[in-house]
Amino acid sequence: MTTMQPLHVRLWQTLGRRPWILDGGLIALPLALFAVLTAVGAEGRTLFGGQGPWLLVLSLDLMTTLPLAARRSRPAWAAGLIALGALGQVLTLTGPGYTALTVPIVLYSVAKFGTRRASRLYLIVALIGAVLLGGQVFVQQMIFLGGPPVDPMTFVLVLLLTGFSAAVVLVAWLLGDLGGRRRREIAAITERNELLELEREHETRLAADAERMRIAREMHDVISHSMSVMIAQADGGRYVVAQDPQRAGEAFETIGRTGREALTEMRSMLGVLREERESLLLRPSPGLEDLGRMIADVRAAGLPVELNDRVAETLGRPPALPEGAGLAVHRIVQEALTNTLKHGGPEASATVALQAEDGWLIVAVRDTGRGSRAETDGAGSGLLGMAERARLHGGTVEATAHTRGFDVVARLPLTDHDE
1 MTTMQPLHVR LWQTLGRRPW ILDGGLIALP LALFAVLTAV GAEGRTLFGG QGPWLLVLSL
61 DLMTTLPLAA RRSRPAWAAG LIALGALGQV LTLTGPGYTA LTVPIVLYSV AKFGTRRASR
121 LYLIVALIGA VLLGGQVFVQ QMIFLGGPPV DPMTFVLVLL LTGFSAAVVL VAWLLGDLGG
181 RRRREIAAIT ERNELLELER EHETRLAADA ERMRIAREMH DVISHSMSVM IAQADGGRYV
241 VAQDPQRAGE AFETIGRTGR EALTEMRSML GVLREERESL LLRPSPGLED LGRMIADVRA
301 AGLPVELNDR VAETLGRPPA LPEGAGLAVH RIVQEALTNT LKHGGPEASA TVALQAEDGW
361 LIVAVRDTGR GSRAETDGAG SGLLGMAERA RLHGGTVEAT AHTRGFDVVA RLPLTDHDE
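Read in order, the letters of the sequence shown correspond to residues 1 to 419 in UniProt numbering.
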């Protein structure tokens, strides 16, 4: 639902988009009106002091006043017209007219709202105009006095007038240039803020995409592993329920425990989508210390797995992994064993070996199942997920299929090791 803005706000926004309305109504039109009202008595400013054409005087005055309506929207265009009008006044000796007001205003405007090149050009033109104004006054004094010799005070007055005119021109240009610098700085800051905002939005989208990919990997690993274990246990329990009720009960117990663990992990991941961060902190993610329990579940599902952990033996302490790398190792081993459980066949077995070497944790999962399953049964998405997990922590994953077996070797850097 959109709210209607107040009338004065909409009016001010309209005037801001059309500056010629304010400039024309408040500056150009009043000066032009004064020019029309005073044009009748302008004969005294005409050439040689005679009864000159008032229409010429009025035309030149309007040429130096009306363009102020475009002083912000078209500053160079307005300055050019006023410069032509002022030049006409000098050549016809009709006097400066309203240029004493309009030239500083338009020079300020072109310095603030125009280009740097245009502002410098019209500064030079205005300074030349100040000199020409002094020359015009000098010529008019000579004509009024009937020719040379001229009183020395006339030279002093002409020099003072020229210097004052040049000073006014310089001050107007400097103020406009200062305002233009400030305006350009604000525009640059605004543009930079807009670019930063776009960059933040882009980074936010990338972070959201990365989070979705992470959740997708977690969901794939949890569901794939849990469902494989539960299916294997359910099939085994169905076959032994009549001959060995105790083993069938153990199988059903494993199914229940695996299902509850999968449900808990899925709730945890769904909490990420709901931003339930406090609840996520209550349950730590699985890591290296949970490999034994996970491998025990796989064994209970019917896959013989041997764990060979020589990391503590080599380092003399538990391995120091970057934050989140322990979860990556756990998921890589879990995915590799799940693939063996699903695709390796009834006679498959697996070995999980961990060792530390030259600052790297090397995790190797080798099985004796059908080695060609990666190409034929579509296990590529799981391998891609393992590679992405390792790459996030500066590691690599290599998968190799053999005639009788499949190898997955992951290498992740240790955070500290003895050189």
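Quick reminder that beta carbons are idealized off the backbone N, C-alpha and C, glycines included.
The C-beta separation of L412 from A399 comes to about 16 Å, leaving the pair out of contact by the 8 Å criterion. An exposed status is given to I124, since fewer than 16 other beta-carbon atoms sit within 10 Å of its beta-carbon.
In this model, A35 and L195 are separated by some 49 Å (Cα to Cα).
C-alpha of L206 to C-alpha of A390: approximately 19 Å in a straight line.
The alpha carbon of V110 has as its nearest neighbour, out of G80, E335, V168, the alpha carbon of G80.
Annotation note: the region 112–196 contains the following uninterrupted alpha helix (DSSP H) runs of length 4 or greater, listed N- to C-terminal: 116–145.
With respect to the C-alpha of R117, the residue from P75, E253, L60 having the closest C-alpha is P75. When only Cα atoms are considered, L315 and A336 end up about 25 Å apart. DSSP places H402 in the uninterrupted beta strand (DSSP E) bounded by 396–402. Taking 9 Å as the cut-off, the beta carbon of N308 is found no closer than this to the beta carbon of T340. Per DSSP, the unbroken beta strand (DSSP E) holding E357 starts and ends at 350–357.
When beta bridges are read from the DSSP output, F252 appears opposite no residue. Excluding sequence positions up to five before and after G24, its CB lies within less than 6 Å of the CB of A69, all in the same chain and listed in chain order. Around W20, the same chain offers A69, A70, S73 as residues with beta carbons nearer than 7 Å, after the five sequence neighbours per side are excluded. Boundaries of the beta strand (DSSP E) harbouring R411: 405–413, taken from the DSSP string. For L361, the uninterrupted beta strand (DSSP E) run begins and ends at 360–367, by DSSP.
A direct Cα-to-Cα measurement between T115 and R200 gives close to 32 Å.
Under DSSP, V106 takes part in no beta bridge, so it has no partner. Between L31 and Y98, the C-beta spacing is below 9 Å. Every alpha helix (DSSP H) stretch that sits fully inside the region 294–325 and reaches 4 residues is listed by chain position as 311–315. Straight across, the Cα-Cα distance linking L22 with M213 is about 56 Å.
Taking every protein chain shown into account, the CB of Q334 has 16 or more other CB atoms within 10 angstroms, so this residue is buried. Around the Cβ of F164, a 10 Å sphere holds fewer than 16 other Cβ atoms; the residue is exposed. One thing to note: H393 has its Cβ within 9 Å of the Cβ of A328. The beta carbon of L33 sits closer than 8 Å to none of the beta carbons in its chain outside the five residues before and after it.
With 16 or more other Cβ atoms from the protein chains shown falling within 10 Å of its own Cβ, V363 counts as buried.
The three-state reading of DSSP puts D290 in helix, counting H, G and I together.
Ranking G179, S119, L127 by CA distance to the CA of T162 puts L127 first. Of W77, R331, A325, the smallest CA-CA separation from G292 is found for R331. Nearest C-alpha to I82 among L93, T92, L66: L66.
With contacts defined by Cβ atoms closer than 9 Å, V57 and T94 form a contacting pair.
Assigned with DSSP and collapsed to three states, S285 falls in coil, not helix or strand. Within its own chain, the residues whose Cβ lies closer than 6 Å to the Cβ of R366, once the five positions on either side in sequence are excluded, are T351, D407, listed in chain order.
P30 carries a helical assignment under DSSP once its states are collapsed to helix, strand and coil.
C-alpha of V305 to C-alpha of E357: approximately 23 Å in a straight line.
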